[in-house]
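Participant:
Residue numbers (the working numbering): 252 to 546.
Structure (structure tokens):
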């Protein structure tokens, strides 16, 4: 068993900086790929005190979609993440969790800054593409949930910031992307073919503003209990095990608090979304398509 000499994010950054320094010593400037996988801000959330003190629980804002309890059983109400705080959730408990969560993110942000500084100091900044992203978000009080085991935006939508040659600083892209798009994107930059098993698409055209023929919807799945589809302003979440559907307008309701699935005026939109969801489930070989819940 090896004990890290410092907080995990700091230790991982120290190792990455040593790697960057080694790359900077190569006179040939050979290309390299480094994947720095931080574990923060995953629980247990135990940030260094200097960062924890930055976010006093009493001063933390409550999420706009805070609920004491989720309105129904989404299929994962008893998983470990949801047991980190008692039911019903209280503002005080959620504020405490958020304070620790924000503190770990700030500590992580400091380490990312150290990595960027190391690239600059070693003459690698101008020809290195940097991608900052995450595998998922967390509820931390939103919708009465704490963890990631749901398909609301707070858990499925992640940051993706890319810096490098050919990318206009400060620009943004509205294309709907998957994390697995990064594999063919990196291969494209490297001038090599993406692995045959890769299911994503290179982001290079989208980063250049060419999204005319880009995908129009994002399909998400969680185990056998949740499926989701996002197309434009509309978001559909389907719970096959309990035959329940949610429909949200992300423009007027970005925090997904007003379910429109029973609104007669949205019946046509709902039907189109369900049809498109089924198409994508078939494309993804979703085994639940063969179950009684075929939507």
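Glycine included, every Cβ here is placed at the ideal spot set by N, Cα and C.
On a Cα-Cα basis, can you pick out the residue from 479, 365, 530 and 522 that is closest to residue 267?
Facilitator: 365
Participant: Which runs of the beta strand (DSSP E) spanning at least 3 residues fall entirely within the stretch 348-400, listed in chain order?
Facilitator: 381-384
Participant: At a cut of 8 Å, does the stretch 494-502 reach the stretch 410-418 through at least three beta carbon pairs?
Facilitator: no
Participant: Helix, strand or coil: which one does DSSP assign to residue 486?
Facilitator: strand
Participant: Taking 8 Å as the cut-off, does the stretch 296-304 touch the stretch 347-359 (at least 3 CB pairs, one atom from each stretch)?
Facilitator: yes
Participant: If the criterion is Cβ atoms closer than 9 Å, does the pair residue 284 and residue 311 meet it?
Facilitator: no
Participant: Note down, in chain order, each residue of its chain lying with its Cβ closer than 6 Å to the Cβ of residue 206, except the 5 sequence neighbours on either side.
Facilitator: Because the chain is modelled from 252 through 546, residue 206 falls outside the range shown and cannot be assessed.
Participant: Taking buried to mean at least 16 other C-beta atoms within 10 Å of its own C-beta, is residue 513 buried or exposed?
Facilitator: Under a 10 Å Cβ-count criterion, residue 513 is classified as exposed, with fewer than 16 other Cβ atoms of the shown protein chains found around its own Cβ.
Participant: In the structure shown, what three-state DSSP assignment does residue 504 receive?
Facilitator: Looking at residue 504 - three-state DSSP - the assignment turns out to be coil, as it is neither helix nor strand.
Participant: At the level of alpha carbons, what is the spacing between residue 254 and residue 459?
Facilitator: 45 Å
Participant: Would residue 532 pass as a contact of residue 478 if the rule is Cβ separation under 9 Å?
Facilitator: yes
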